[in-house]
Structure formats: C-alpha cells, structure tokens
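Worksheet: the structure to be examined is printed underneath.
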Amino acid sequence: MINYFFFSEETSTYAFLGLIWFISISLVIVKIELSSNDALRIFGDSLQYAIQYTETIQLKDILLKFLDILKAKILIILVKSFLNFTSRKYILYWRISLSKYYLDFWHEIHSQEGAAQRIQEDTMRFCTLFEMLFIKFLHDLFIAVAYLPLLASLSRKIPKVWIFPKVPNFLLALAICIATIGSIISLIPGVYIPKAIVDIDKSEAALRKELVLGEILTESANIDTLQELYKKVENSYYIYYYRNFFLNILKTTYIQLNAITLWLTLSASLVRPFTLGLLKQTMDAFDKVSATCNFIMTHLGELAELIALYIRLRKIELIISKCL
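Oh and the sequence shown: position 60 is 60 in the UniProt record's numbering, straight run, nothing missing.
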C-alpha cells in the first residue's frame, strides 16, 4: 500500500514531492499559530490594563491588538483550506495508482470475500484516513517542538499551584502526565476495536455479495440465507457498539476532567503579577500541548479503522506477493 506508492517508478516523484509539501505547509501553520499565541497574551494584557486604567488607554489600541489575532486566525484558515484541497488531490492520485495495481492481479484476488469492495472502496478509505492522520500527526509533532519550550518557560511564571506539588516545568509535566494516562486508558479497550471493524466489513461484504447474485441468479439470495447473513451483520455491529460503549465512557470522562484540570491547578495563581494576557497565553499553550500528546486518544476511532483497512488490504497483498 505505502511501498508501492512511494517506491514505484510511476508514482514515487509525486509521492515524495507531496510529502515535502505537507511538511512545509505544516511548519507554516505552526509558525502562524505561535504568533497567534503571543498576540493572545498582548491582547489580554491590554484588556486588563484598560479595565484598571480606563483614562489612559484608547479603544483603537485594543482593536489593533485584536486585529493581530484576527489576521493570524484568517491566515490559518486560508492555509489549512489550501492544504485540504491539495491533500484531497494527493489522496485521489494515491487511490487510483493503488487500485490499478490491484486490478492487474484481479484474477488472483477475486475469490477473496469482498475483493471488489476492497479495490473500489477500501483503497479510498485507507488513503484518506492515512493522509488525514499523517497531516495531523505532522502538525502535532511540530506543535510539540514549538510549544514545549514555551510551556516550560510559562511554568516558571506561575507563583504557586493548588492540589499538585510545585515542580520545575510544572505545566509541561502536567500536560505530559495527563496525556499519558489518557493514552493508556484509551488503548486498553481500543485494541479490540479494529477486529470488530474487520468483522463488520466481512459480514457486510458477504451479505452484499449474496444480494448482488440474487439480482442476476434467481436461485441465489433465498430468504433463509439472507436472514442468516443479516444476523451475522447484526451481531458484528452489536459487538462493535459494546466495545465502543466502554471506550466512550472513559474518553468522555477523561475529556471533562482534562478541561478543568488547568483551572484547578492555576486557581491559586490568579493574583498579581499573573495577568489576564499571561493566563490566555498559558491556557492556549497548555491546550495545544495536551491535544498534541493526546493524539492516540483524540484519533482512536480513525486509527482503529485504519488498522482494520490495513488488515483487509494486507490479505490481498499477501496473495499478490505469491504471484510475483
């Protein structure tokens, strides 16, 4: 799947140029987000100063600070929109090349359950998910590199904390600790989800095949066979929902606790010289680092589906490898 696209003579140039493009654009986005974070601090401090000294500050000064944030946000929207457009073209090109490769071995793989679906749909789903997760992983990686030093420096500006002991680089340690706990919690039930997705796809493919045959051959798709196949589909969905139920409880609980953790720990610091601007900057940096470290928790559903698609397509590639 990946080797063919990146190391084939026909597609390797396009594949690596696209990869370089995505890395470059991700770096640009992170650079803009860093400037937006600094603008948040300046704007917050201006608001606090305006409340305390209403006679010495003008409205236009505050609006100019707000415009700096607005310009950064608009620029991020434009760059991300362009990135999404180019990534979709990249995904389509990858899917087409992958489907063509599989079609060359159609006579060898057509006996596999759901082979047509794998070539037609699963290739597109795999390429789309892989590209989406890769771009988000790149963005999170660059965010971590840029924001970890910033969060460490902001930790030193916190006079005291509540509940937790004050340690060097406290905010950095807190974000990493919370994210690690969240990742472990999500992985325990999450490892069983890809198998459930594979079972759903397999049962759906068997039912679809029988229905299609029933359109062509009158002896196919009798009511007993269809009911049996549909029962398998129903059972596979029940298993999937059951496993997701516990995962969603853990995930929702974690997200809610994570949302109030920073407020609880910083509540003792909300006095001078801790300013409104510094609070906004700290919250923004902490949220970004937390989201980065929570990559597995945040994208567990997409990761599970990607693994399931890889398992299905890998079976086809194993058959093809025997023919080479």
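Heads up, the beta-carbon is just placed ideally off N, CA and C, and yes, glycines get one too. As the structure is a prediction and not an experimental result, all values here were calculated from the model.
Excluding five sequence neighbours on each side, which residues of the same chain lie with their C-beta closer than 6 Å to the C-beta of residue i?
i, result
"V30", "F142, I143, A146"
"T275", "D45, Q48"
"S203", "K232, V233, S236"
"S26", "L138, H139, F142"
"A196", "I239, Y240, R243"
For residue i, collect the residues of the same chain with a Cβ closer than 7 Å to its Cβ; drop the 5 residues on either side in sequence, then sort them by chain order.
i, result
"E210", "S220, A221, T225, L226, L229"
"I185", "L250, Y254"
"D122", "L309, R312, L313"
"A285", "N37, Y147, L150, L151, L154"
"E131", "S87, Y90, I91"
"K322", "none"
"F5", "T11, A15, W94, S97, L98"
Assuming residue i and residue j make a contact with CB atoms under 8 Å, what is their CB distance in whole Å?
i, j, result
"I109", "I316", "5 Å"
"I62", "G277", "Not confirmed; about 12 Å, so no contact."
"I307", "P194", "4 Å"
"I158", "L266", "7 Å"
"I178", "T261", "6 Å"
Once DSSP output is grouped into helix, strand and coil, what is the label at residue i?
i, result
"K157", "coil"
"S8", "coil"
"D284", "helix"
"M1", "coil"
"G190", "helix"
"G182", "helix"
"T13", "helix"
"D104", "coil"
"P168", "coil"
"Q48", "helix"
"E113", "coil"
"H299", "coil"
"N37", "helix"
"Q120", "helix"
"N84", "helix"
Looking only at its chain, what residues have a beta carbon closer than 8 Å to the beta carbon of residue i, apart from the 5 residues adjacent to it on each side?
i, result
"Y237", "I200"
"V198", "A308, I311, R312"
"L129", "E302, E305, L306, L309"
"L213", "S220, A221"
Using a Cβ-Cβ cut-off of 7 Å, state whether residue i counts as contacting chain B.
i, result
"F22", "No chain B is part of this structure, which consists of one protein chain only."
Problem set entry | the region 97-112 / the region 186-195 touching (three or more Cβ pairs under 8 Å) | no
Exercise. With contact counted as at least three CB pairs below 8 Å, one residue from each stretch, are the region 254-266 and the region 109-127 in contact?
Worked result: no
For this session: Quick one: which unbroken alpha helix (DSSP H) runs of 4-plus residues sit fully inside the region 201-277? Chain order, please.
Result: 223-266
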